[in-house]
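Single-structure report; data block below.
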Amino acid sequence: MSIHHYFVFGDERLTEENVVEVGRITHFFSKISVAVIELRKPLKVGDTIVVKGPTTDFEQPVESMQIEHKDVQKAEAGQSIGLKVAQRARETDLVYKKL
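Take a look at the structure:
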């Protein structure tokens, strides 16, 4: 017997087959709508992410990201990135990449 974890986003069900956890929010700057994400897996411009938490649930494309105020096209596991987000995010929210 296997247990399937899934998340519901709008009308779409996100299963572990079509999303992978890439990191978590460690800080959110509300005035500029920028989240700091500590990455556990690589992420690149063009990927689509889903941000999930107890009161957070939104999806957006990665249009740009920064490491130490410099634009980068990709980031690796272990790095922290700054990312402009479409909605409010909260510390400890998880970030998933759509596959």
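Under my numbering, the residue at position 38 of the sequence shown is numbered 51, and the numbers go up by one with no gaps.
Glycine residues also receive a C-beta, built at the ideal position from the N, C-alpha and C atoms.
Just so you know, these numbers come straight off a predicted model, no measurement behind them.
Using the C-alpha atoms, what's the distance from residue j back to residue i?
i    : j    : result
E153 : G59  : The structure shown has nothing for residue 153, since the chain only spans 14 to 112.
P74  : I62  : 6 Å
Q100 : L107 : 14 Å
I16  : K83  : A caution first: I16 carries a pLDDT of 42, below 50, which makes its placement in the model unreliable, though a value can still be read off. About 41 Å.
N6   : F71  : Past the boundaries of the shown model lies residue 6; the chain is included only from 14 to 112, so the question cannot be answered.
H40  : V49  : 5 Å
R53  : M78  : 16 Å
P55  : T105 : 18 Å
Leaving out five residues on either side along the sequence, give the residues of the same chain with a beta carbon under 6 Å from the beta carbon of residue i.
i  : result
R2 : A query on residue 2 cannot be resolved here, the shown segment of the chain reaching from 14 to 112 and no further.
Flag residue i as yes when its Cβ comes closer than 7 Å to any non-hydrogen atom of the ligand GDP, and as no otherwise.
i   : result
K65 : The ligand GDP is absent from the structure shown, which contains no ligand whatsoever.
Let me confirm a value: residue i is counted as buried when at least 16 other C-beta atoms fall within 10 Å, else exposed. Which label applies?
i    : result
K110 : buried
Spatial neighbours of residue i within its chain, please: C-beta separation below 8 Å, excluding the five flanking residues on both sides.
i   : result
I80 : A88, Q92, S93, I94 and G95
Scan the region 21–92 and note each continuous beta strand (DSSP E) run of 3 residues or more that stays entirely inside, going in chain order. 25–28, 32–42, 47–52, 61–65, 70–74, 78–80 and 83–85
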